[in-house]
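Asks: Quick one: the structure is below, questions incoming.
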Amino acid sequence: MNPRSNILMGIAAALTVLVILRYTVWSEGGNSVVIQPAPPPITNIAIREESGDFLPPFSAFSAIQDRPLFRPDRRPEPVMVIETPGQTTGQETQSEPEFVVIGTVTGPDGGVATLRSQNETRRAYVGDTVEGWRVDAITGSGIEVSRNGDRFAMSIGGPE
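Its first residue numbered 1148, the sequence shown is counted upward by one per residue in my numbering.
Quick look at the structure:
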């Protein structure tokens, strides 16, 4: 630093000390008085007493103790799904698509899906055919495809 900067820094430091002393030690009349700390808070604060029962007695909550919320027997019963056999045309039902949905983008004019098939990445739009599967819908979480009456919903990042 050059000598002018040193002088300027010294003057600024001296003025800062004077301002601090003015507001902490010297009072308005020029007398040297140390500012007194604030009085301690009142320790006997009156607490308003309420009357009546706010909660039922503990015995009213016996169901919580008898049947804890996270016990396995508290889970809902599984939904039974009964599949009805469809009409077969003599052909074996098709397997799942062999491509993976990498991502989707949807908008007011439709959407686009990014698919990976056999180490090749491509885009598909609604109505396109990929490996014999027709893209029926593109959503924010995946796509729906169909072939020969078989429909599959494929989520993003599904198994390869």
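Backbone N, C-alpha and C define an ideal beta-carbon position, used for all residues, glycine too. Values in this document were obtained by computation on a predicted structure and should not be read as measured data.
Hey, out of Thr1286, Ser1288 and Val1292, whose CA is closest to Trp1280's CA?
Replies: Start at 1 with the first residue of the sequence shown, and residue 1280 comes out as number 133. The shortest Cα separation from Trp1280 among Thr1286, Ser1288 and Val1292 belongs to Val1292.
Asks: Taking DSSP as the reference, what is the three-state secondary structure of Ser1242?
Replies: The residue labelled residue 1242 in the question sits at position 95 within the sequence shown. Coil, per DSSP.
Asks: Count the other CB atoms, across all protein chains shown, that sit within 10 Å of the CB of Pro1244; report buried if there are 16 or more and exposed otherwise.
Replies: The sequence position of residue 1244 within the sequence shown is 97, counting from 1. With 16 or more other Cβ atoms within 10 Å, it is buried.
Asks: What first and last residue would you give for the beta strand (DSSP E) that runs through Ala1193?
Replies: Looking up residue 1193 in the sequence shown gives position 46. Looking at the DSSP string, Ala1193 is not in any beta strand (DSSP E), and its letter there is neither H nor E.
Asks: Evaluate contact between the segment 1265-1273 and the segment 1293-1305, counting only Cβ atoms and requiring at least three cross-stretch pairs below 8 Å.
Replies: Verdict: no, contact absent.
Asks: Taking the straight line between their C-alpha atoms, what separation do you get for Leu1165 and Leu1155?
Replies: Indexing the sequence shown from 1 puts residue 1165 at position 18. Indexing the sequence shown from 1 puts residue 1155 at position 8. Straight-line Cα distance between these residues: approximately 16 Å.
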